[in-house]
Amino acid sequence: MGKILAFYGPSASGKSEIQKELSHNGFRKIITATTRPPRPNEEDGVHYIFMDAAQFDQQVQANAFIEWTQYNGHFYGTLKSSIEHILNQDETAHIVLDLAGVLSLKKLYKDIVAVYVGANLETIARRLEMRGGSAEEIGKRVKKAAEVELSSEYIQHADVIVWNHDGVDFNDTMKSVNALIGTN
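When you line the sequence shown up against the numbering used here, it's residues 173 to 356, in that order.
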């Protein structure tokens with residue numbers, strides 16, 4: 173049986189960086205679906221499974237998604253077939269979801285490890301500023317982190333907690349993640 177590491181946590185906590193490192197080391201990223209148009213250099217089936225709204229709705233009606241959500245006017249979802257393919261292999265894979273998505277996965281499958289990736293507010297704010305974006309959008313994300321995503325009620329759903337704020341060596345963060353997988 174395979175195992176899936178389902179990462180969740182605040183924006184700019186480092187989930188995507190961890191995911192990139194795992195992919196670089198040969199672990200499979202679970203590709204999610206979206207109605208968002210591809211950005212430059214994004215490939216269908218590599219970064220996302222790109223669908224138009226009608227295709228996405230057809231998959232929703234066919235109950236093909238474990239979870240789906242709307243964000244910034246576009247739909248995002250995790251296909252059951254993507255998860256079940258991994259769980260039927262002897263592989264470890266990874267996915268980044270919001271908490272609702274992680275909880276949906278854990279409700280349906282036993283081989284899911286919920287990994288909370290956290291960082292302090294100062295780190296989150298600095299990283300968001302480095303990414304760019306409006307002050308209003310950065311403020312909303314920092315506020316959400318402060319009020320929700322750093323709360324014990326949010327974190328308590330994790331099987332494992334990994335901190336990735338400034339001052340923590342990213343190699344140490346990856347050692348914690350690799351320990352979950354059973355690699356060094």
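Ideal Cβ positions, reconstructed from N, Cα and C, are used throughout, including at glycine.
Residue S183 holds the alpha-carbon nearest to the alpha-carbon of K316 among S183, M223 and V274. Judged by beta-carbon spacing, Y180 lies within the 8 Å limit of Y288, meaning their Cβ atoms are closer than that value.
When secondary structure is reduced to three states using DSSP, E263 falls in the coil class, being assigned neither helix nor strand. Take the alpha-carbon of G305 and the one of R313: they are about 11 Å apart.
Its chain contains A205, F237 and W240 as the residues whose beta carbon lies nearer than 6 Å to that of G249, once the 5 sequence neighbours on both sides are disregarded; these appear in chain order. Burial check for E319: the Cβ neighbour count within 10 Å stays below 16, so the residue is exposed.
Among the bridge pairs identified by DSSP, G290 is matched with W335. Across the structure, D224 and I333 are spaced so that their CA atoms are roughly 36 Å apart. In the DSSP assignment, I176 forms a beta bridge with A265 and I284.
Q328 carries a coil assignment under DSSP once its states are collapsed to helix, strand and coil. For K201, the beta-bridge partners assigned by DSSP are H266.
DSSP places D344 in the helix class (H, G or I) of the three-state scheme. Residue state for L275 is assigned as helix, using DSSP reduced to three classes. Looking at the DSSP output, E239 sits in a beta bridge with T250.
Take the alpha-carbon of R303 and the one of I296: they are about 11 Å apart. Assignment of D216 by DSSP, reduced to helix, strand and coil, places it in the strand class.
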